[in-house]
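Quick mapping for you: the protein sequence lines, in order, are chains A and B. Each step along the first sequence adds one to the number in my numbering, with nothing skipped, and position 81 is 81. Each position in the second sequence, counted from 1, maps to that position plus 305 in my numbering. All residues carry an ideal CB built from backbone N, CA and C; glycine is no exception. Working notes, structure below.
2 protein chains.
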Amino acid sequence: MTREDVVQRLKDRAREAEEIIRRYLPAEEGFNRTVAEAMNYSVLAGGKRLRPILMREAFRLYDGTDEAALHPFMAAIEFIHTYSLVHDDLPAMDNDDYRRGKPTTHKKFGAGMATLAGDGLLNHAFETAFLAFDFRETDAGQADVVRALRILADKAGINGMIGGQCADLKAEKEESGVRTRDELIYIHKNKTAAMIESALMIGATLAGAAKEDVRKMEQAGEKIGLAFQIRDDILDVEGDASTLGKDIGSDAKNGKLTYVSMYGSAQAREDVEKLSEEAIRLTAGNGDERNFLQDLIEWMITREL
Amino acid sequence: MTREDVVQRLKDRAREAEEIIRRYLPAEEGFNRTVAEAMNYSVLAGGKRLRPILMREAFRLYDGTDEAALHPFMAAIEFIHTYSLVHDDLPAMDNDDYRRGKPTTHKKFGAGMATLAGDGLLNHAFETAFLAFDFRETDAGQADVVRALRILADKAGINGMIGGQCADLKAEKEESGVRTRDELIYIHKNKTAAMIESALMIGATLAGAAKEDVRKMEQAGEKIGLAFQIRDDILDVEGDASTLGKDIGSDAKNGKLTYVSMYGSAQAREDVEKLSEEAIRLTAGNGDERNFLQDLIEWMITREL
Numbered sequence: 001m002t003r004e005d006v007v008q009r010l011k012d013r014a015r016e017a018e019e020i021i022r023r024y025l026p027a028e029e030g031f032n033r034t035v036a037e038a039m040n041y042s043v044l045a046g047g048k049r050l051r052p053i054l055m056r057e058a059f060r061l062y063d064g065t066d067e068a069a070l071h072p073f074m075a076a077i078e079f080i081h082t083y084s085l086v087h088d089d090l091p092a093m094d095n096d097d098y099r100r101g102k103p104t105t106h107k108k109f110g111a112g113m114a115t116l117a118g119d120g121l122l123n124h125a126f127e128t129a130f131l132a133f134d135f136r137e138t139d140a141g142q143a144d145v146v147r148a149l150r151i152l153a154d155k156a157g158i159n160g161m162i163g164g165q166c167a168d169l170k171a172e173k174e175e176s177g178v179r180t181r182d183e184l185i186y187i188h189k190n191k192t193a194a195m196i197e198s199a200l201m202i203g204a205t206l207a208g209a210a211k212e213d214v215r216k217m218e219q220a221g222e223k224i225g226l227a228f229q230i231r232d233d234i235l236d237v238e239g240d241a242s243t244l245g246k247d248i249g250s251d252a253k254n255g256k257l258t259y260v261s262m263y264g265s266a267q268a269r270e271d272v273e274k275l276s277e278e279a280i281r282l283t284a285g286n287g288d289e290r291n292f293l294q295d296l297i298e299w300m301i302t303r304e305l
Numbered sequence: 306m307t308r309e310d311v312v313q314r315l316k317d318r319a320r321e322a323e324e325i326i327r328r329y330l331p332a333e334e335g336f337n338r339t340v341a342e343a344m345n346y347s348v349l350a351g352g353k354r355l356r357p358i359l360m361r362e363a364f365r366l367y368d369g370t371d372e373a374a375l376h377p378f379m380a381a382i383e384f385i386h387t388y389s390l391v392h393d394d395l396p397a398m399d400n401d402d403y404r405r406g407k408p409t410t411h412k413k414f415g416a417g418m419a420t421l422a423g424d425g426l427l428n429h430a431f432e433t434a435f436l437a438f439d440f441r442e443t444d445a446g447q448a449d450v451v452r453a454l455r456i457l458a459d460k461a462g463i464n465g466m467i468g469g470q471c472a473d474l475k476a477e478k479e480e481s482g483v484r485t486r487d488e489l490i491y492i493h494k495n496k497t498a499a500m501i502e503s504a505l506m507i508g509a510t511l512a513g514a515a516k517e518d519v520r521k522m523e524q525a526g527e528k529i530g531l532a533f534q535i536r537d538d539i540l541d542v543e544g545d546a547s548t549l550g551k552d553i554g555s556d557a558k559n560g561k562l563t564y565v566s567m568y569g570s571a572q573a574r575e576d577v578e579k580l581s582e583e584a585i586r587l588t589a590g591n592g593d594e595r596n597f598l599q600d601l602i603e604w605m606i607t608r609e610l
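Laid out in structure tokens, this is it:
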């Protein structure tokens with residue numbers, strides 16, 4: 001598959017994922033209308049929908065067929081990703097005015113409403129994921145949904161994404177910044193990789209994959225997330241504002257130490273390459289031919305480098 | 306039961322509830338230590354543990370026996386209540402420096418970490434509640450846990466607590482404030498009553514109560530919450546700083562219209578009385594004698610008036 005083919009197919013997949021996500025957005029009506037508007041604004045402000053797409057590809061890799069229970073989880077993971085961005089952009093956190101070229105949620109709705117919108121999205125993610133129980137009526141089916149829910153909560157929580165944000169915020173607020181390789185890897189693995197692990201693991205779980213295959217997805221997700229974040233560090237230093245749609249070097253300006261500032265560009269690129277190869281190996285499935293998940297991983301990690 | 310007996314038994318119940326809640330608090334270690342510290346500080350900063358206590362009493366009212374699945378839900382509802390206070394106190398929201406006589410979470414850990422601690426508590430609430438699946442192995446048992454989870458998420462979300470906070474924040478930020486009785490009742494019902502409904506409904510559900518009994522608990526919770534909030538409005542106007550441990554009239558000073566400012570003290574007291582009687586009637590259960598839940602409701606609503 002050529003690079004253009006991958007990009008085209010990814011666009012199609014993103015459009016499909018967005019159609020699915022839209023079905024689970026809250027209605028904008030009643031006295032709680034404003035928080036629903038702020039939630040919907042945040043979710044629909046763009047984004048590549050990579051996590052729901054990865055979830056669906058993992059589902060297909062393990063021969064999942066009935067997608068009814070998968071769809072609520074696709075929406076749920078995007079809601080969690082979105083809430084994390086809304087809160088991360090707040091004045092009390094990164095204080096960013098723009099994301100993807102649009103005013104951030106707190107610039108448009110105020111910091112109080114943006115706080116509530118983030119809370120609303122996290123809560124709504126679970127409300128949405130619980131809908132999956134309605135589509136899996138057998139014991140085994142219900143057990144798969146429970147397993148998927150536990151992955152969703154675990155990887156988004158303080159032993160996952162929030163843990164990474166805590167370490168990141170702490171390093172940023174302290175004079176010394178990130179001090180060790182362990183700390184930097186912890187941040188990248190949890191702030192970014194955890195939600196990619198979650199996406200792949202949930203897709204496989206809902207397809208009924210074996211425990212060791214779900215574990216493979218976890219390992220692949222970790223490598224993808226780490227590579228993706230190192231790539232992001234490289235782009236943040238060398239990137240172009242129009243491509244990224246955010247302030248160039250904003251992380252660096254905030255005094256954050258990154259993988260690049262710690263290891264240099266050449267080593268960072270080499271590590272990205274190695275992680276990418278490992279992730280592609282782990283997502284081979286049973287087929288002989290290269291699958292779209294593998295193409296997607298390669299594209300995610302190597303684009304614009 | 307005398308008033309002193311109720312207060313003594315409530316103290317015992319609160320101590321028991323706190324022992325249960327402590328078991329589910331996160332460990333304070335690793336690179337995410339600070340967010341765990343902020344979460345634990347917030348949960349352990351005091352509070353009457355009314356929601357977990359109400360949950361347990363409803364469980365007992367419907368002859369629940371095996372508490373193993375109940376305990377994670379008792380902790381979960383307290384985590385959700387606590388996160389809502391942490392975020393509500395933030396500078397971007399009510400900007401309160403003290404709660405229950407102690408520095409608020411953002412005064413102690415900074416607004417960024419307090420935002421993460423709130424997020425962490427909401428996410429941890431679901432992680433904790435999912436543990437209940439391990440203690441209900443039959444199909445019917447698992448179905449009760451799913452029902453309880455849905456109540457938990459629904460009542461905490463934008464059609465419950467967050468919806469109430471949205472309307473409250475919006476009214477506060479606008480010159481006009483709360484304009485109609487419908488809007489005021491919406492705020493009280495959702496910001497306060499929803500989580501009390503949740504507590505009673507989950508207790509009954511995990512005890513295996515019939516659908517109509519769970520619905521009764523919902524109605525009782527609505528009346529308790531509404532009465533409790535009107536009572537709070539009365540105390541906010543007339544109360545004593547040392548008893549409440551927060552700034553007197555802080556709501557009124559913020560320009561919020563309350564039930565009292567809208568209807569006057571006399572009408573407010575009359576409505577509290579009526580709601581209290583209805584709630585006590587709804588929680589009679591099958592016994593002839595007055596139960597502790599009824600004593601507790603009376604105490605909650607009429608104390609210090």
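Check, Outcome
"Cβ closer than 8 angstroms: which chain C residues qualify as neighbours of LYS316 of chain B?", "Here chain C cannot be found, since the structure's protein chains are A and B."
"May I ask you to verify whether the stretch 398–417 of chain B touches the stretch 362–380 of chain B, counting CB pairs closer than 8 angstroms and requiring at least 3?", "no"
"Let me check one thing: in DSSP terms, what residues is PRO103 of chain A bridge-paired to?", "A:TYR98"
"Answer yes or no: does any C-beta atom of chain B fall closer than 8 angstroms to that of PRO26 of chain A?", "yes"
"Once DSSP output is grouped into helix, strand and coil, what is the label at GLU278 of chain A?", "helix"
"Locate the alpha helix (DSSP H) running through MET217 of chain A, then write down its first and last residues.", "211–238"
"Report back the beta-carbon spacing between MET55 of chain A and PHE73 of chain A to the nearest angstrom; my notes put them in contact at under 8 angstroms.", "6 angstroms"
"Any Cβ of chain B within less than 8 angstroms of the Cβ of LYS253 of chain A?", "Here LYS253 of chain A scores only 46 on pLDDT, less than 50, and its place in the model should not be relied on; the value that follows carries that caveat. Not an interface residue."
"Are the beta-carbon atoms belonging to ILE456 of chain B and MET506 of chain B less than 8 angstroms from one another?", "yes"
"Check whether the Cβ of GLN307 of chain A lies closer than 8 angstroms to any Cβ atom in chain B.", "Beyond the ends of chain A as shown, which are 1 and 305, falls residue 307 of chain A; an answer cannot be given."
"Would you list, in chain order, the members of the stretch 342–368 of chain B that have their beta-carbon closer than 7 angstroms to a beta-carbon of chain A?", "none"
"Tell me the residue span of the alpha helix (DSSP H) that contains GLY39 of chain A.", "Residue 39 of chain A is actually Met in this sequence, not Gly. Residues 33–43."
"Could you please tell me which residues of the stretch 424–451 of chain B, in chain order, have their CB closer than 8 angstroms to any CB of chain A?", "ASP424, GLY425, LEU427, ASN428, HIS429, PHE431, GLU432, PHE435, PHE438, ASP444, GLN447, VAL451"
"By how many angstroms is the C-alpha of LEU184 of chain A removed from the C-alpha of GLY468 of chain B?", "38 angstroms"
"Does the CB of GLU323 of chain B have a neighbour CB from chain A at under 8 angstroms?", "no"
"So, helix, strand or coil for ASP368 of chain B, using DSSP?", "coil"
"Can you find a CB in chain B that lies within less than 8 angstroms of the CB of ASP96 of chain A?", "no"
"Along the stretch 486–500 of chain B, what residues have a CB closer than 7 angstroms to any CB found in chain A?", "GLU488, TYR491"
"For ASN123 of chain A and TYR346 of chain B, I'd like the C-alpha separation in whole angstroms.", "22 angstroms"
"Which residues mark the beginning and the end of the alpha helix (DSSP H) in which VAL483 of chain B is found?", "Premise fails: VAL483 of chain B is in no alpha helix (DSSP H) and is neither H nor E."
"Write down the C-beta distance between ALA153 of chain A and PHE533 of chain B rounded to the nearest angstrom, noting that I regard them as a contact closer than 8 angstroms.", "About 30 angstroms; that fails the 8 angstroms criterion."
"Take the Cβ of THR485 of chain B as the centre, count every other Cβ of all protein chains shown within 10 Å, and call the residue buried at 16 or more, exposed below.", "exposed"
"Is MET418 of chain B close to chain A, meaning its C-beta is less than 8 angstroms from at least one C-beta of that chain?", "yes"
"Quick one: what's got a C-beta closer than 6 angstroms to VAL519 of chain B's C-beta in the same chain, skipping five residues either side?", "MET506, ALA509, THR510"
"Does the separation of the CB atoms of TYR564 of chain B and ASP593 of chain B fall below 8 angstroms?", "no"
"Output needed for ILE187 of chain A: all residues of its chain with C-beta closer than 6 angstroms, excluding positions within five of it in sequence on either side, in chain order.", "GLY164, ALA167, ASP168"
"In whole angstroms, what is the alpha-carbon distance linking ALA589 of chain B and MET522 of chain B?", "11 angstroms"
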